[in-house]
């Protein structure tokens, strides 16, 4: 972690929000906390948050919230500056924590991708990989989700302000599903559900809406991905579908990455 | 002749990242560039090889502000390719879903992104110190819109229930009826919002726009209709690519959509209002008339009033749908895989959103094309600035800069959306 840069005592903590390659949804989660927003804004000083304010104050900042993955040379440099300016650095969501859906390029020829989307490819400056923030700088906490859960964000901000450990569980979606009293759709309907290997945080949303979890909170702490891949195979799902199941919004998280590559090899 | 530049390195209160550069030579505007440095993410490329049923979930991630627009354009394009027409209750629910997004997105833009310009604050936080009630009203309105989205979709951002063929789960009538008291409050609050916005100060600035929006014979457009303009366009979604093209402008880093043979055009609230006024429910028409708005509205700064009128529409349409709703017999039609090509256009809060998909007999996507509203408005935004900046020649630098920013925010641009399809060169806004 960078050296401590202290504000003067009694000052509200200075918070900055930074965006890299992303959809804006995770930082919008803060504005979507309609009931708590004014209270949160009263407890902090929003020093840099371009999506919400044209007043952009210079660092250093007490807390930096980072959305998005690193996909360009200039962003790879910018994240270094951001790290230097922030006492505590928190990543928000699947892009910042696992490279995001745009990490699907990591298995392809990015130059070919550029040609598919853009008419004049030579003007596009992009890296071959989309990578999470922690591959570039030390990160103090990674908040999961595509998008993040705004209640977890509020808990994280509160805990950080209070100087305590945030209460963010690392068990699987199955735990939340049981707690909601859902009938297991993986067992009763042979649904290709990613719940057993996916970290909780969404409230077991997809199974509660009659569909299998698609893994948007990324791998749980001790995910047994090989076992789940075998189970999908046993249920008769084609291998390419299983590869796609592990390769979505958290495709570059190492557990999912390993699982999809093993499945591809077989 | 004095030369002067207006430069905004990071344009605030827009979704995504861009910078603005205007060069003035005396009373003439020599150059306008809205530079996009938001990195590209290549959605159209990595959609290839995915199953069509994944498209609504994947394309939602193009934009955290308007994921429903992406889900709706995707499901409609794919259903067209499959030759499937969902039952009427599904059609109603999709309209309701979209109303939720319009309420949430318009409330966000009117009060939290655009109003601070009119009232002279850097942001809604500073505004809340002096206008607490207004901000509380904004937050409640936004929450009510989000409430519709999370009931139908599971969560506000990247909802999980919309699917090709319907919804994974549909609400009961009782669940929808529980929204009614809040929506009645929201309808009233929206009418008040029209009244409040009409009293704001608007620069005198009108342009002769080509307005482009969907038009439906019976209703204000959301998911269906032909694409029309005030210059005689009247086409099906399948003809979109014949009528629009993207230009490479030498000094711009973005590909800009134009009407073939004509030029820039405007999509979004002003276009919808001007082309569909008679389809607005009476409450929305009355609110518009009382604010002195009647089509054609050609002053883009007044888009804040039109957005408020659309809030009235979205609340009253949501109430109508809830009163008519009976759950569908089958929430989600089971559709066998087959090959096909399909296009659709729907009305995102910021304007029309075009999707086209082609997939093989296993349902795997071969090609995808997506044209979001902001890339369609980009050239028009620059055209506005080219004209508008000439009014600001005598203004002090800081005020002129702020006014130009406001002129961009008139369009509620979503750079996150636009970038995945624009040609981008990374260039932070200094010359």
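Chains as they are written, first to last, in my numbering: chain A, 65 to 330; chain B, 4 to 434. C-beta: ideal position from N, C-alpha, C; glycine also. In this text, all values refer to a predicted model and were calculated from it rather than measured experimentally.
Under the three-state reduction of DSSP output, residue 151(A) falls in the strand class.
Residue range 354-362 is occupied by the beta strand (DSSP E) that includes residue 358(B).
The alpha-carbon separation between residue 107(B) and residue 330(B) amounts to approximately 24 angstroms. Beta-bridge annotation (DSSP): residue 344(B) is paired with 361(B).
With contacts defined by Cβ atoms closer than 7 angstroms, residue 138(A) and residue 167(A) do not form a contacting pair. When the alpha-carbon of residue 365(B) is set against those of 44(B), 38(B), 54(B) and 228(B), the nearest one is in 54(B). For residue 59(B), the three-state secondary structure derived from DSSP is helix. By the criterion of a C-beta distance shorter than 8 angstroms, residue 190(A) is surrounded in its chain by 135, 136, 174 and 178, once the five residues flanking it on both sides are discounted. Taking a 10 Å sphere around the C-beta of residue 247(A), we find fewer than 16 other C-beta atoms and assign the residue as exposed.
Contact annotation for residue 13(B) against chain A: 114 and 120 [CB-CB distance below 8 angstroms, chain order]. Closer than 7 angstroms to the CB of residue 235(A) there is not a single CB belonging to chain B. Taking all protein chains shown into account, residue 200(B) has 16 or more neighbouring C-beta atoms within 10 Å of its C-beta and is therefore buried. About 7 angstroms separates the Cβ atoms of residue 326(A) and residue 290(A), confirming a contact at the 8 angstroms cut-off.
Separation of residue 115(A) and residue 62(B) (C-alpha to C-alpha, rounded to the nearest whole angstrom) is 21 angstroms.
Pairing residue 410(B) with residue 23(B), the inter-Cα distance amounts to about 11 angstroms. Between the beta-carbon of residue 127(A) and that of residue 155(A) there is about 12 angstroms, and that puts the pair past the 8 angstroms contact cut.
With a threshold of 16 other beta carbon atoms within 10 Å, residue 47(B) meets it and is buried. Counting along the chain, residue 131(A) sits inside no alpha helix (DSSP H); it lies in the beta strand (DSSP E) bounded by residues 125-131. For residue 312(B), there is no enclosing beta strand (DSSP E); the residue is part of the alpha helix (DSSP H) that begins and ends at 306-327. For residue 21(B), the uninterrupted beta strand (DSSP E) run begins and ends at 21-28, by DSSP. Counting along the chain, residue 109(A) sits inside no alpha helix (DSSP H); it lies in the beta strand (DSSP E) bounded by residues 109-112.
Straight-line measurement puts the Cα of residue 206(B) at about 9 angstroms from the Cα of residue 303(B). Any Cβ of chain B closer than 7 angstroms to the Cβ of residue 211(A) would place that residue at the interface, and such an atom is present. Just so you know, the alpha carbons of residue 274(B) and residue 113(B) end up roughly 17 angstroms apart. Against chain B, a Cβ distance below 7 angstroms from residue 192(A) picks out nothing, because the smallest value is about 12 angstroms.
In the pairwise beta carbon analysis, the region 104-121 of chain A is classified as touching the region 15-30 of chain B: at least three pairs are separated by under 8 angstroms.
Residues of chain B with a Cβ closer than 9 angstroms to the Cβ of residue 90(A) are, in chain order, 67 and 160.
Interface flag for residue 125(A) against chain B is unset, since no Cβ pair is found closer than 7 angstroms.
In chain A, no part has a C-beta under 8 angstroms from the C-beta of residue 243(B); the shortest such distance is about 18 angstroms. In this structure, the straight-line span from the alpha carbon of residue 157(B) to that of residue 87(A) is close to 19 angstroms.
Sixteen is the threshold: since fewer than 16 other Cβ atoms of the shown chains lie within 10 Å of the Cβ of residue 337(B), the residue is exposed. Leaving aside the five residues that flank residue 272(A) on each side, the residues in its chain whose CB is nearer than 8 angstroms to its CB run, in chain order, 241, 244 and 246. Runs of beta strand (DSSP E) with 3 or more residues, each lying fully within the region 259-285 of chain A, are absent. Of the residues 83(B), 74(B) and 58(B), the one whose Cα lies closest to the Cα of residue 343(B) is 83(B).
A contact between stretches requires three or more CB pairs, one per stretch, nearer than 8 angstroms, and the region 91-108 of chain B meets this requirement with the region 347-356 of chain B.
Using a Cβ-Cβ cut-off of 7 angstroms, residue 117(A) counts as an interface residue toward chain B, since at least one Cβ of chain B sits closer than that to its own.
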